[in-house]
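Asks: Have a look at this one.
2 protein chains.
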Amino acid sequence: MTVTTSSAAGTPFGRIPVTKVSPVIEGGAYPAKAAVGEAIPIRATVFREGHDAVNAHVVLTDPSGAERVEPMAPSTPLGFDWWAAEVTLETEGAWTFRVEGWDDPWATWVHNAEIKIPAGIDVALVGTEGKALLEAGARAATEADDDEAATQLQDARAALDSDQQVEDRLEVVLAEDVRAAMATHGPRLLLSPSPEYPVFVDRRTAVFGSWYEFFPRSQGASYDPETQTWVSGTFDSSYERVEAAAAMGFDVIYLPPIHPIGTAFRKGPNNTLTPGPADPGSPWAIGNVEGGHDAIHPDLGDFDSFDRFVAKVKSHGMEVALDFALQASPDHPWVSDHPEWFSARPDGSIAYAENPPKKYQDIFPINFDRDKEGIYAESLRLLKLWMSHGVRIFRVDNPHTKPVDFWAWLLAEVRRTDPDVLFLAEAFTKPAMMHALGKAGFQQGYTYFTWRNEKWELEEYLTELTGESDSFFRPNFFVNTPDILPMYLQTGGRTAFTIRAVLAATLAPTWGVYSGFELFENAPLGQGREEYLDSEKFQYRPRDWSGAEASGQNLNLLLGTLNAIRREHPALQQLRNLHFHHAPNADVVVFSKRAGDDVVLVVVSVDPLNTHESEIVLDMAALGLGTADVFLVHDELTGQTFRWGQRAFVRLTVDDPAHILTLVRPGRRSSGQPSAAPAPEEQ
Amino acid sequence: MTVTTSSAAGTPFGRIPVTKVSPVIEGGAYPAKAAVGEAIPIRATVFREGHDAVNAHVVLTDPSGAERVEPMAPSTPLGFDWWAAEVTLETEGAWTFRVEGWDDPWATWVHNAEIKIPAGIDVALVGTEGKALLEAGARAATEADDDEAATQLQDARAALDSDQQVEDRLEVVLAEDVRAAMATHGPRLLLSPSPEYPVFVDRRTAVFGSWYEFFPRSQGASYDPETQTWVSGTFDSSYERVEAAAAMGFDVIYLPPIHPIGTAFRKGPNNTLTPGPADPGSPWAIGNVEGGHDAIHPDLGDFDSFDRFVAKVKSHGMEVALDFALQASPDHPWVSDHPEWFSARPDGSIAYAENPPKKYQDIFPINFDRDKEGIYAESLRLLKLWMSHGVRIFRVDNPHTKPVDFWAWLLAEVRRTDPDVLFLAEAFTKPAMMHALGKAGFQQGYTYFTWRNEKWELEEYLTELTGESDSFFRPNFFVNTPDILPMYLQTGGRTAFTIRAVLAATLAPTWGVYSGFELFENAPLGQGREEYLDSEKFQYRPRDWSGAEASGQNLNLLLGTLNAIRREHPALQQLRNLHFHHAPNADVVVFSKRAGDDVVLVVVSVDPLNTHESEIVLDMAALGLGTADVFLVHDELTGQTFRWGQRAFVRLTVDDPAHILTLVRPGRRSSGQPSAAPAPEEQ
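Chains A and B, in that order, are what the protein sequence lines are.
The first sequence runs 1 to 683 under the numbering used here.
The second sequence runs 684 to 1366 under the numbering used here.
Next up, the structure:
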């Protein structure tokens, strides 16, 4: 008889069962997401038969194949056999991990000895068993060249043979250093590995970055009333905006499509169907006789000026993100060269986009099923073209209208050769699709943040984003987009803009602003509409930046402060470390983020129209503090310092609707704080 | 370029993504549980890109390899892309299933046509598209020899070409029968299968059965005061109890171990360490010079009398379940023949069972790691021996003290050749282990029911058992065991016994009674103890059955009624169909079970000491009724009939703490109800 187990079948129980391992995406078919330096929780249920002690560790394999073992510990609530470790992966690339459960004879022995020795039961036998275990530990320490541990363990073993009182002998053996040495070198028996699960470690920008979006054609554009024509802005005329974004501390400059724009069924201002000859059309209606996705709109410049633009952005420590919108205007070269890439209607014509009764005749959607090889190859070619011009981030337009398996293939192909290239999914749709795109490879996604304005819904949504979906869906919190002028901004005045910027910049490690936000642009297309009036999608929109600066009608200083705080504080650069605290006032949101010693505590009102006061009750453990601790908090927005305990009182006004507080620990000065002297004021 | 997707890696996204398929146990490593005739929910998240319609079905493959397709439907809450089907598997054995998502061009067309035709948009084109789809459907119907559907679809296609008003043409095409024919024969494009997942369909007894446990040695045992010795009961002297169990409607007779009992460190009455010469010892201390697990205790009989006993049980339509306790007394033949099957201590002695400071010197636990091949083979040999003597159910003692992977192997081996053999896990331990044993192959497990007495905890626990764990953990609700005399029974009198029997027999399709329960035995070993005084585990315990019958101190009639109701009502024979209803009174539990037309509604007080009155508010949809319906309910316990609506009023007393109500539908008479005339009483 051969004793075989069903291990071939999938993820069965090993000798020591290890189940419910996380993060595991679709059974391990896709890698869990991590970024360099990010703290990642590894969890599993590990248990065994009978009374003997079980233990567990995680084995991490880096992209070079080197393994490293990190201990796991029982996780709360205790009693459910949950084990956990928090690990940090420092190298970009494809990692794997497995959880190993094991029989821990040393822990079993300690448990038994602590009961039996004081009770005088089996004293000699317990001593003999202990010596054998300590000898094994000493041997392992010697083999691992850990001479200090080897000596400790040999000494402990000798103590068991000494003529001390038996309780004293036990005390020597159970000393802190002996336990630590045995934790490292003690026997790990019946080692039972889980399957190997993939984690992909992206570069830091995948999780942490501040995005700024603008239309180059508006920067420096001018209208000639005599000829009734526009002169378009160009890459070259956009440098001032690049410099402004850099001054505000942004990391990524995101450009809407820069390709030739279709003329057939071109849209006029405010999405009308009757454009004038001077109307530039929507950049998302891609392609005309001058070229398609591989061409540059001649009004903006050429490849040389694009390369100069990319270099200019880089010179400020930023990078360019380009739009990738897989659709064609009826004038796109694909339409004549590759009609098989589109759907044909029974009358032989190419099907334009529809959502009956609406027709979008300026857009031909791609059919990914008619010539799969062809359109897949073309998509990859396009990405590689722009990658070769320095684009390492793509913001993908409406990925949820293209097959998920297409994205899974395309993004895997890119990652294989260029693991630093990042993709942001512009998918505003149902959860299953948004999650699938994340699992299929998108490093980031747009979110429902735009429509989460109340305290309860922010807490609920952020708990989901930083918990159950944190390993496959990374949020990018845009406060506005050319498509979305949130209702909240339409009615809440300057305070609403401040609140939303503070929330986006501190709740999420990646956030974004579409230019115009800082000028408080808030005129909608109509009552109850979420589109901008005179949307930049359909017309040139030069802005009076210097006038705004002079009049104070500009949020650029706040945006710069927020981005500076984000750079200063590692706690704001992670996704999973968010913790909400209690405030009885339903308009006051309190949360903290913590990374090691760095703790940022944010208190913000979500009501832009009224003053709010509230007691707040802090979960001190989440701040790394004891319940009775008193500590200083420094407001990074106002420069004030307060002395707080577990309970504090806050007052948030229309002028100052938020505190971004950093914890000042003894012996550590918070940045921006003039002195470590006791705080002059308390609130 | 070759377009490959990552399908090799596991469960990636297909062209139409199908995710979160259930029931799937450990990624498909172990089969989900089902029983012949049981209604099993199949669920998945199915979605797609863009606006076109998606659809889904489940493909069921029976043990012979034959496939059958059942439609799935969107599942509530809508909007989350959840799809579901309820399927019934009629053949015992190893099934598989997969969910297939597909592009549904007919549904897309219907959606578009219903908007476009009335609006006069693209009328001709829509007609052309519709004709092509109906033609394809008619062709498929013809190929499937469904002539009726083929004719319907050809007629509908012709209607689109008729000279009727276009709206009238559309009405013909969208008629019920055309839609039904297209649902069956319409094109299913981009078919995207999930992986194939296993389901094992057990015989009905795996999910539905009533168990009765007794010790043969007590049946007909007699004490001779002169010689101060006992004459043990035997298999042959147990027939009266077999007949009594049959009369009470039980299905399974469960016997504690029937093997020779060790003499070394034998336990005396009430678990004392000083037995007298006449004390029989615990049947779980298995093995002495007369043999081990493959022998029969000579006091009980021999293999011939055991075979007769099995036949006797069968003659009453019942079957025998035997205890399988993998441990040895120090006298067991294994100890001398196979010392390698036990753990050795440093002094060379065999390790007895311990949970320091407690020692169990009468028991040697098996070490499954020292001679894996040997002990695995022996375990299988023992099971096959008893199987060859007609035992097709084993109640496994303390499986959680043996390795999970041992059980996974052993149970798979048995199932391979004898798929009708069932195993009940006697594991009272933490959830991870109890669930793992179910996943590893145990058809049933003991539960926490014993300690769930309050309404809220019954609702919470049953929701878990009939929901999240229903496909890997099947509960067997014992009201008592030789090890457990629940506190509730110690203090609640006859009413407590009634309540617990009603709850166990109606909440769970499988329940069990250890004999003595029906005599209201409730004396504990001591204050606060859950063990029986004078436990039958350690001594003979003949009972005065006829005296109890005569005095009315016997619950046998209630047990018989409960089992009769269970046999009569398919709704009580399933696990997953439980639904709780609202009663404001925190001591009144209301639940229903439904299988097709059969609906049983149970109202029970959990307070054995007081009368309780309550309004109850029924979830009418769960009963298959409309909110305004009025209906008759027949109390199967008292014979009363009531006319009820969504709201009703109940009064539960110490004498009548429960209603077991069956719904009487128009034109259908409930069993036991004398007439279908309007009810004489209302409550």
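Note that the Cβ used here is the ideal one computed from N, Cα and C, for glycine as well.
Just so you know, these numbers come straight off a predicted model, no measurement behind them.
#1: When you compare only the Cα positions, how much space is there between residue 1346 (chain B) and residue 1164 (chain B)?
#2: Where residue 541 (chain A) and residue 534 (chain A) are concerned, what is the direct C-alpha to C-alpha distance, given to the nearest angstrom?
#3: Count the other CB atoms within 10 Å of the CB of residue 165 (chain A); is the residue buried (16 or more) or exposed (fewer)?
#4: By Cβ distance below 8 Å, which residues in the same chain neighbour residue 799 (chain B) in space, the five residues on each side in sequence not counted?
#5: By how many angstroms is the C-alpha of residue 1156 (chain B) removed from the C-alpha of residue 1114 (chain B)?
#6: Please confirm if the region 590-608 of chain A is in contact with the region 555-563 of chain A, defined as three or more CB-CB distances below 8 Å between the two stretches.
#7: Going by CA-CA distance only, name the one from B:1299, B:1179, B:1297, B:1203 that's closest to residue 1337 (chain B).
#8: Can you name, in chain order, every residue of its own chain whose Cβ lies under 7 Å from the Cβ of residue 87 (chain A), other than the five neighbours on each side?
#9: Helix, strand or coil for residue 1105 (chain B), going by three-state DSSP, please let me know.
#10: Compare the C-beta of residue 18 (chain A) against all C-beta atoms of chain B and say whether one is closer than 7 Å.
#11: Determine, using beta carbons only, whether residue 133 (chain A) and residue 16 (chain A) come nearer to each other than 7 Å.
#12: Can you give me the C-alpha to C-alpha distance between residue 1073 (chain B) and residue 1196 (chain B), rounded to a whole angstrom?
#13: At the level of alpha carbons, what is the spacing between residue 108 (chain A) and residue 929 (chain B)?
#14: Taking only three categories from DSSP, how would you classify residue 801 (chain B)?
#15: Can you give me the C-alpha to C-alpha distance between residue 195 (chain A) and residue 188 (chain A), rounded to a whole angstrom?
#16: Determine the DSSP secondary structure at residue 526 (chain A), reduced to helix, strand or coil.
#17: For residue 761 (chain B), is the classification buried or exposed, using 16 other Cβ atoms within 10 angstroms of its Cβ as the cut-off for buried?
#18: Would you please verify whether the beta carbon of residue 956 (chain B) is less than 7 Å from any beta carbon of chain A?
#19: How would you call residue 630 (chain A), buried or exposed, if buried means at least 16 neighbouring beta carbons within 10 angstroms?
#20: How would you call residue 996 (chain B), buried or exposed, if buried means at least 16 neighbouring beta carbons within 10 angstroms?
#21: Quick one: which chain A residues come within Cβ less than 7 Å of residue 1040 (chain B)?
#22: May I have the straight-line CA-CA distance separating residue 257 (chain A) from residue 487 (chain A), to the nearest angstrom?
#23: On the DSSP bridge assignment, give the partners of residue 632 (chain A) in chain order.
#24: Roughly how many whole angstroms lie between the Cα atoms of residue 1220 (chain B) and residue 899 (chain B)?
#25: Can you name the residues of chain A whose CB is closer than 7 Å to the CB of residue 698 (chain B)?
#26: For a quick check, are the C-beta atoms of residue 633 (chain A) and residue 642 (chain A) less than 7 Å apart?
#27: Using the rule of at least 16 other Cβ atoms within 10 Å of the residue's Cβ for burial, across every protein chain shown, is residue 1138 (chain B) buried or exposed?
#28: Would you report the Cα separation of residue 14 (chain A) and residue 1055 (chain B), rounded to the nearest angstrom?
#29: State the beta-bridge partners of residue 540 (chain A) as determined by DSSP.
#30: Among A:660, A:143, A:402, A:299, whose alpha-carbon lies nearest the alpha-carbon of residue 218 (chain A)?
#31: Can you tell me the Cα-Cα spacing of residue 1257 (chain B) and residue 1118 (chain B), whole angstroms?
#32: What does the alpha-carbon distance come out to for the pair residue 1173 (chain B) and residue 620 (chain A)?
#33: Where does the unbroken beta strand (DSSP E) through residue 385 (chain A) begin, and where does it stop?
#34: Please list the terminal residues of the continuous alpha helix (DSSP H) segment that includes residue 455 (chain A).
#35: Listing by chain order, which chain A residues have their CB less than 9 Å from the CB of residue 1116 (chain B)?
#36: By the criterion of Cβ-Cβ separation under 7 Å, what are the contact partners of residue 1153 (chain B) in chain A?
Replies: Let me lay it out:
#1: Residue numbering aside, residue 1346 (chain B) sits at position 663 when the second sequence is read from its first letter. Residue numbering aside, residue 1164 (chain B) sits at position 481 when the second sequence is read from its first letter. Answer to the nearest angstrom: the Cα atoms are 34 Å apart.
#2: Numbered from 1 along the first sequence, position 541 holds the residue referred to as residue 541 (chain A). Numbered from 1 along the first sequence, position 534 holds the residue referred to as residue 534 (chain A). Distance between the alpha carbons of residue 541 (chain A) and residue 534 (chain A): 8 Å.
#3: Locating residue 165 (chain A) in the first sequence gives position 165, counting from the first residue. Label assigned to residue 165 (chain A): exposed.
#4: Against the second sequence, residue 799 (chain B) aligns to sequence position 116. Within the same chain, residue 799 (chain B) has close Cβ partners 805, 806, 809.
#5: Residue numbering aside, residue 1114 (chain B) sits at position 431 when the second sequence is read from its first letter. Residue numbering aside, residue 1156 (chain B) sits at position 473 when the second sequence is read from its first letter. Each residue's alpha carbon lies about 10 Å from the other.
#6: no
#7: Working through the second sequence from its first residue, we reach residue 1337 (chain B) at position 654. Among B:1299, B:1179, B:1297, B:1203, the Cα nearest to that of residue 1337 (chain B) is on B:1179.
#8: Here the question's residue 87 (chain A) lines up with position 87 in the first sequence. Counting only Cβ-Cβ distances below 7 Å, and skipping sequence neighbours, we find 40, 42, 58, 60, 70.
#9: The residue you call residue 1105 (chain B) lines up with position 422 of the second sequence. It is a strand residue.
#10: Residue 18 (chain A) sits at position 18 when you count from the first residue of the first sequence. False, the Cβ-Cβ gap to chain B never drops below 7 Å.
#11: Stepping through the first sequence from its first residue, residue 133 (chain A) is reached at position 133. Stepping through the first sequence from its first residue, residue 16 (chain A) is reached at position 16. In this structure, residue 16 (chain A) does not lie closer than 7 Å to residue 133 (chain A) by Cβ.
#12: Here residue 1073 (chain B) refers to the residue found at position 390 when the second sequence is read from its first residue. Here residue 1196 (chain B) refers to the residue found at position 513 when the second sequence is read from its first residue. Residue 1073 (chain B) and residue 1196 (chain B): Cα-Cα distance of roughly 22 Å.
#13: Here residue 108 (chain A) is taken as the residue at index 108 of the first sequence, counted from 1. Here residue 929 (chain B) is taken as the residue at index 246 of the second sequence, counted from 1. One C-alpha to the other measures close to 48 Å.
#14: In the second sequence, residue 801 (chain B) corresponds to position 118, counting from 1. Residue 801 (chain B): helix per DSSP, three-state reduction.
#15: Start at 1 with the first residue of the first sequence, and residue 195 (chain A) comes out as number 195. Start at 1 with the first residue of the first sequence, and residue 188 (chain A) comes out as number 188. Taking the straight line joining both Cα atoms gives about 18 Å.
#16: Position 526 of the first sequence, counted from the start, is the residue given in the question as residue 526 (chain A). Coil at residue 526 (chain A), not helix or strand.
#17: Taking the first residue of the second sequence as 1, we reach residue 761 (chain B) at position 78. The residue is exposed, with fewer than 16 neighbouring Cβ atoms inside 10 Å.
#18: The residue you call residue 956 (chain B) lines up with position 273 of the second sequence. Cβ-Cβ to chain A under 7 Å: no for residue 956 (chain B).
#19: For the purposes of this step, residue 630 (chain A) is identified with residue 630 of the first sequence, where counting begins at 1. Looking at its Cβ environment, which holds fewer than 16 other Cβ atoms inside 10 Å, residue 630 (chain A) is exposed.
#20: Against the second sequence, residue 996 (chain B) aligns to sequence position 313. Residue 996 (chain B) is buried by the Cβ-count criterion.
#21: On the second sequence, position 357 is the one that residue 1040 (chain B) refers to. Result: 115, 116, 119, 121.
#22: Locating residue 257 (chain A) in the first sequence gives position 257, where the first residue counts as 1. Locating residue 487 (chain A) in the first sequence gives position 487, where the first residue counts as 1. Taking the straight line joining both Cα atoms gives about 26 Å.
#23: Here residue 632 (chain A) corresponds to residue number 632 of the first sequence, with the count starting at 1. Its beta-bridge partners are A:643, A:664.
#24: Along the second sequence, read from residue 1 onward, the residue named residue 1220 (chain B) stands at position 537. Along the second sequence, read from residue 1 onward, the residue named residue 899 (chain B) stands at position 216. Each residue's alpha carbon lies about 12 Å from the other.
#25: Within the second sequence, residue 698 (chain B) is the residue found at index 15, counting from 1. Going along chain A in sequence order, the residues near residue 698 (chain B) (Cβ under 7 Å) are 403, 405.
#26: Within the first sequence, residue 633 (chain A) is the residue found at index 633, counting from 1. Within the first sequence, residue 642 (chain A) is the residue found at index 642, counting from 1. The Cβ atoms of residue 633 (chain A) and residue 642 (chain A) lie closer than 7 Å to each other.
#27: Walking along the second sequence from the start, residue 1138 (chain B) turns up at place 455. Under this definition residue 1138 (chain B) is a buried residue.
#28: Locating residue 14 (chain A) in the first sequence gives position 14, counting from the first residue. Locating residue 1055 (chain B) in the second sequence gives position 372, counting from the first residue. Taking the Cα positions, residue 14 (chain A) is about 14 Å away from residue 1055 (chain B).
#29: One-based indexing of the first sequence puts residue 540 (chain A) at position 540. Looking at the DSSP assignment, residue 540 (chain A) forms no beta bridge with any residue, so it has no partner.
#30: Walking along the first sequence from the start, residue 218 (chain A) turns up at place 218. Residue 218 (chain A) has its Cα closest to that of A:299, out of A:660, A:143, A:402, A:299.
#31: Indexing the second sequence from 1 puts residue 1257 (chain B) at position 574. Indexing the second sequence from 1 puts residue 1118 (chain B) at position 435. C-alpha separation (whole angstroms): 19 Å.
#32: What you label residue 1173 (chain B) is simply residue 490 of the second sequence in a count that begins at 1. What you label residue 620 (chain A) is simply residue 620 of the first sequence in a count that begins at 1. C-alpha of residue 1173 (chain B) to C-alpha of residue 620 (chain A): approximately 46 Å in a straight line.
#33: Along the first sequence, read from residue 1 onward, the residue named residue 385 (chain A) stands at position 385. Not the beta strand (DSSP E): residue 385 (chain A) falls in the alpha helix (DSSP H), residues 372-388.
#34: The sequence position of residue 455 (chain A) within the first sequence is 455, counting from 1. For residue 455 (chain A), the enclosing alpha helix (DSSP H) has its first and last residue at 455-465.
#35: Locating residue 1116 (chain B) in the second sequence gives position 433, counting from the first residue. Listed by position along chain A, the residues whose Cβ is nearer than 9 Å to that of residue 1116 (chain B) are 17, 47, 48, 49, 81.
#36: By one-based count along the second sequence, residue 1153 (chain B) stands at place 470. The contacting residues do not exist; residue 1153 (chain B) stays about 18 Å from chain A at best.
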